[in-house]
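A short write-up of the structure that comes next.
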């Protein structure tokens, strides 16, 4: 297991650091350009808040293999007189799905009609913010801003943007560097997000099934990635200095991927969803919080891996 981790899973901190720096600089340029462009249509349109949120394994110290894929939340701003009103979509979608109504301040309901016509769908007789319409606007908006960013970054890297129906756009970055380690082509998922406060966001649900059929346009998922990062940071402070909890997660992800490669569809997709990185991380959180954290010292690596596997088996 130690050799498997060292040779196939462990990411070089040096290469990861360079990759994250490239991603941060390019995304900052694109978000800045997209925010400036978004100010022009007027107050009754979506716009970018102007910041971005780094999420996922690359920023939580459990990335495996190559640092070539990143996830970034891009918070959006509703028109100033509209507020999101999320609620659980009981009976309307998969477990954990949300719908997002909109509340307009007094006197603004009629004035906000152009926004509703462009970004909302009717659901049970009420207007709800559409994740599908927001996603399509976001894709087109970034594509329109890419030209200016590409020109400014031409000496640093080459950039392009791709988008599939129902999925967040992917920013492709190929650095132009003299360092061999920095010639990694990187893919950055740019995920539009509706802020709800306290580091919670609504994001479009991922496509369902092996063929990626889009989720219903009115449905959203709740993203708590920043809260998960905070919990991981707190656990790192409380655990032993030589804690193996992140190594356990990396090894489990590596073993999952090895087994998944030998499966045919639809089992390969089902395997990846049932044992997704989110599910594995949630299982890890559950065991860590049961304590004691001293039991996660490096010398107990095999025992803790066994606990994780048995916990997942019992959950299934």
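In full-length UniProt numbering, the protein residues as written are 1 to 316. Built from N, CA and C at the ideal position, the CB exists for glycine as well.
ask   = Does the distance from the C-beta atom of residue 124 to that of residue 100 stay below 8 Å?
value = In the chain shown, counting from the first residue as 1, residue 124 sits at position 124. In the chain shown, counting from the first residue as 1, residue 100 sits at position 100. Not closer than 8 Å, so no.
request  = Report the residue from 176, 282, 80 whose alpha carbon sits nearest the alpha carbon of residue 312.
outcome  = In the chain shown, the residue the question calls residue 312 occupies position 312. For residue 312, the nearest C-alpha among the options comes from 282.
key: Complete alpha helix (DSSP H) runs within the stretch 108-161 (minimum length 4 residues, chain order)   = 113-119, 131-152
query = What's the C-alpha gap between residue 23 and residue 106?
reply = Position 23 of the chain shown, counted from the first residue, corresponds to residue 23. Position 106 of the chain shown, counted from the first residue, corresponds to residue 106. If I take the Cα positions, the gap works out to 42 Å.
query = Beta carbon of residue 71, beta carbon of residue 226: below 8 Å?
reply = As a position in the chain shown, residue 71 is number 71, starting the count at 1. As a position in the chain shown, residue 226 is number 226, starting the count at 1. No, the Cβ-Cβ distance between residue 71 and residue 226 is not below 8 Å.
key: Inter-residue spacing [alpha-carbon to alpha-carbon] between residue 286 and residue 232   = Taking the first residue of the chain shown as position 1, residue 286 is located at position 286. Taking the first residue of the chain shown as position 1, residue 232 is located at position 232. Those two C-alpha atoms are separated by around 12 Å.
query = Buried or exposed: which applies to residue 180, given that a residue is buried once 16 or more other Cβ atoms fall within 10 Å of its Cβ?
reply = Reading the chain shown from its first residue, position 180 is the one you call residue 180. Only weak support is given to the placement of residue 180: the predicted model assigns it a pLDDT of 48, under 50, and the value that follows is read from those uncertain coordinates. Its Cβ having fewer than 16 others within 10 Å, residue 180 is exposed.
request  = Could I get the ranges of all uninterrupted beta strand (DSSP E) runs contained in the stretch 39-98, with 3 residues as the minimum, in chain order?
outcome  = 53-55, 69-77, 82-88
request  = Assign residue 19 to buried or exposed, taking buried as 16 or more other Cβ atoms, counted over all protein chains shown, within 10 Å of its Cβ.
outcome  = Taking the chain shown and counting its residues from 1, one reaches residue 19 at position 19. By the 10 Å Cβ count, residue 19 comes out buried.
query = Who are the Cβ neighbours of residue 9 in its own chain at under 8 Å, not counting the five residues just before and after it?
reply = Against the chain shown, residue 9 aligns to sequence position 9. Excluding positions up to five away in sequence, the list reads 64, 65, 250, 251, 253, 254.
task = Consult DSSP for residue 297 and reduce its assignment to one of helix, strand or coil.
result = Here residue 297 refers to the residue found at position 297 of the chain shown. Strand, per DSSP.
Reference residue 118, options 28, 45, 314, closest by Cα = Here residue 118 refers to the residue found at position 118 when the chain shown is read from its first residue. Of 28, 45, 314, the residue nearest in Cα terms is 45.
inquiry  = For residue 56, tell me which candidate among 307, 309, 277 has the shortest Cα-Cα distance.
reply    = Looking up residue 56 in the chain shown gives position 56. Cα-wise, what sits closest to residue 56 is 277.
message = Give me the DSSP bridge partner(s) of residue 100.
response = Here the question's residue 100 lines up with position 100 in the chain shown. Note: residue 100 sits in a beta bridge opposite 86.
key: Rounded straight-line distance, which links the Cα of residue 80 to that of residue 151   = The residue you call residue 151 lines up with position 151 of the chain shown. The residue you call residue 80 lines up with position 80 of the chain shown. Cα to Cα, the separation comes out at about 32 Å.
query = In angstroms, rounded to a whole number, what distance separates the CA positions of residue 198 and residue 237?
reply = For this step, residue 198 is matched to residue 198 along the chain shown. For this step, residue 237 is matched to residue 237 along the chain shown. Approximately 22 Å between the Cα atoms of the pair.
ask   = What are the boundary residues of the beta strand (DSSP E) that residue 10 is part of?
value = Taking the first residue of the chain shown as position 1, residue 10 is located at position 10. That residue, residue 10, is in no beta strand (DSSP E); it is neither H nor E in DSSP.
key: From 143, 300, 58, residue whose alpha carbon lies closest to that of residue 13   = As a first step, residue 13 is located in the chain shown; it is residue number 13 there, counting from the start. Of the listed residues, the one whose Cα sits closest to residue 13 is 58.
ask   = If residue 97 and residue 219 are in contact, beta carbons under 8 Å, what's the gap, nearest whole angstrom?
value = In the chain shown, residue 97 corresponds to position 97, counting from 1. In the chain shown, residue 219 corresponds to position 219, counting from 1. Rounded, the Cβ-Cβ distance is 5 Å, consistent with contact.
task = Could you check how far apart the C-beta atoms of residue 127 and residue 116 are, in whole angstroms? I think they sit under 8 Å.
result = In the chain shown, residue 127 corresponds to position 127, counting from 1. In the chain shown, residue 116 corresponds to position 116, counting from 1. Rounded, the Cβ-Cβ distance is 5 Å, consistent with contact.
request  = Mind checking who residue 189 pairs with in its DSSP beta bridge?
outcome  = Translated into the one-based positions of the chain shown, residue 189 becomes position 189. 71, 170, per the DSSP bridge assignment.
Residue interval of the alpha helix (DSSP H) (run including residue 287) = Numbered from 1 along the chain shown, position 287 holds the residue referred to as residue 287. Here the alpha helix (DSSP H) through residue 287 covers 277-290.
query = So, is residue 176 buried or exposed, given that buried needs 16 or more other C-beta atoms within 10 angstroms?
reply = What you label residue 176 is simply residue 176 of the chain shown in a count that begins at 1. Classification of residue 176: exposed, given that the 10 Å Cβ count is below 16.
request  = For residue 61, collect the residues of the same chain with a Cβ closer than 7 Å to its Cβ; drop the 5 residues on either side in sequence, then sort them by chain order.
outcome  = What you label residue 61 is simply residue 61 of the chain shown in a count that begins at 1. Correct list, in chain order: 246.
query = Using CA coordinates, which residue listed in 194, 292, 265 is at the minimum distance from residue 52?
reply = Walking along the chain shown from the start, residue 52 turns up at place 52. Among 194, 292, 265, the Cα nearest to that of residue 52 is on 194.
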